[in-house]
Amino acid sequence: MVLKQAPLLLNSTGGVPIISLYRPTGLFDQYQIKFHAHTPIVEIFKDKVLTVDNMDKKIFTEADTIISAIGRISVKNKEFE
Numbered sequence: 004m005v006l007k008q009a010p011l012l013l014n015s016t017g018g019v020p021i022i023s024l025y026r027p028t029g030l031f032d033q034y035q036i037k038f039h040a041h042t043p044i045v046e047i048f049k050d051k052v053l054t055v056d057n058m059d060k061k062i063f064t065e066a067d068t069i070i071s072a073i074g075r076i077s078v079k080n081k082e083f084e
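Residue numbering for the sequence shown follows my numbering, starting at 4 and increasing by one per position.
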């Protein structure tokens with residue numbers, strides 16, 4: 004998810020803004036969920052995942068569950084309608 008757009012989105016649990024999930028008191032912090040935006044997965048191991056950031060720095064993150072999601076911004080162009 005692109006964080007700059009997160010305040011515009013609402014989750015399905017009563018309209019709480021998704022950006023609140025990332026706050027220190029949010030659900031991600033409460034359940035110790037690590038969130039890495041713009042970090043492609045290079046390799047998945049039994050107990051960790053290897054990703055790279057936009058500076059090609061390798062990041063190893065311990066994990067028991069991995070969620071890989073890709074998002075995009077729609078193009079509003081009359082040429083494609």
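Ideal Cβ positions, reconstructed from N, Cα and C, are used throughout, including at glycine.
(request) Provide the residue span of the beta strand (DSSP E) that contains Phe48, from first to last. (result) Taken as a continuous stretch (DSSP letters only), Phe48 belongs to no beta strand (DSSP E), as it is neither H nor E.
(request) Would you decide whether Thr28 is buried or exposed? Buried here means 16 or more other CB atoms lie within 10 Å of its CB. (result) The residue in question, Thr28, is exposed, as its Cβ has fewer than 16 Cβ neighbours within 10 Å.
(message) Output needed for Asn57: all residues of its chain with C-beta closer than 7 Å, excluding positions within five of it in sequence on either side, in chain order.
(response) Only residues of its own chain outside the window of five on either side were considered, and among them His41 have a CB closer than 7 Å to the CB of Asn57, listed in chain order.
(request) Grab the span of the alpha helix (DSSP H) containing Phe63 for me, first residue to last. (result) For Phe63, there is no enclosing alpha helix (DSSP H); the residue is found in the beta strand (DSSP E) stretching over Lys61 to Glu65.
(request) Would you kindly work out how many angstroms separate the C-alpha atoms of Val52 and Ala66, rounded to a whole number? (result) Each residue's Cα considered, the two are about 7 Å apart.
(request) List the endpoints of the continuous alpha helix (DSSP H) containing Gln33. (result) Looking at the DSSP string, the run of the alpha helix (DSSP H) that includes Gln33 is Leu30 to Gln33.
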